[in-house]
Amino acid sequence: MSDIRLTNEKMLTFTGHEKIGTLKAAEKLMDFGERQNSANEALAANVNDLIKRVCALEDKEVQNKDIMRKIASELAAFKRDLDRVRLSSKLNTSSIERLDNAIKTLSAAGETEKSEAEETAENAE
Numbered sequence: 138m139s140d141i142r143l144t145n146e147k148m149l150t151f152t153g154h155e156k157i158g159t160l161k162a163a164e165k166l167m168d169f170g171e172r173q174n175s176a177n178e179a180l181a182a183n184v185n186d187l188i189k190r191v192c193a194l195e196d197k198e199v200q201n202k203d204i205m206r207k208i209a210s211e212l213a214a215f216k217r218d219l220d221r222v223r224l225s226s227k228l229n230t231s232s233i234e235r236l237d238n239a240i241k242t243l244s245a246a247g248e249t250e251k252s253e254a255e256e257t258a259e260n261a262e
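Mapping to my numbering: the sequence shown position 71 is 208, numbers consecutive.
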């Protein structure tokens, strides 16, 4: 921001409401003009600084929007990967359960068959 701070004192360009004679009018007018120029310079410097700050903020806003877009796309990709992993996990769990049930069924069938074979062998003796 500008080093020139706007104050009421700096912006005061007309001082005195006394009656001015013709000889003093030029001097007073010159004094008023100088003060007005100083006030205008201070005002212009502050306005230019504000314009620079607004431009910097707009640039920062554009950068932030780009960053947020990138984060959003990465988050969407992460969500897709997470959903894929969850689905794979669920499918693997279901597959493991089916295989376990099949093994148990086969084991039970094998035990039954073994028992029947033993009974048949005992009866044959």
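In this text, a Cβ means the ideal position worked out from N, Cα and C, and glycines have one as well.
Alpha carbon of residue i to alpha carbon of residue j, nearest angstrom
i	j	result
residue 168	residue 158	15 Å
residue 249	residue 237	18 Å
residue 209	residue 219	15 Å
residue 204	residue 217	20 Å
residue 244	residue 254	15 Å
residue 252	residue 225	40 Å
residue 239	residue 201	56 Å
residue 175	residue 214	59 Å
residue 186	residue 211	37 Å
residue 258	residue 247	16 Å
residue 196	residue 221	38 Å
residue 207	residue 188	29 Å
residue 260	residue 235	37 Å
residue 170	residue 156	18 Å
residue 148	residue 161	23 Å
residue 233	residue 198	51 Å
residue 192	residue 165	40 Å
residue 130	residue 256	Absent from the model: residue 130. The displayed extent of the chain is 138 to 262, so no value can be given.
residue 223	residue 241	27 Å
Same chain, Cβ closer than 7 Å to residue i, five either side skipped, listed in chain order
i	result
residue 143	179, 180 and 183
residue 172	150
residue 146	none
Sequence-distant residues of its chain with Cβ nearer than 6 Å to residue i (five each side left out)
i	result
residue 194	none
Contacting residues, own chain, Cβ-Cβ under 8 Å from residue i (five flanking each side not counted)
i	result
residue 228	none
Uninterrupted beta strand (DSSP E) stretches inside the stretch 176 to 216 (no shorter than 3 residues): As far as the stretch 176 to 216 is concerned, it has no whole beta strand (DSSP E) run of at least 3 residues.
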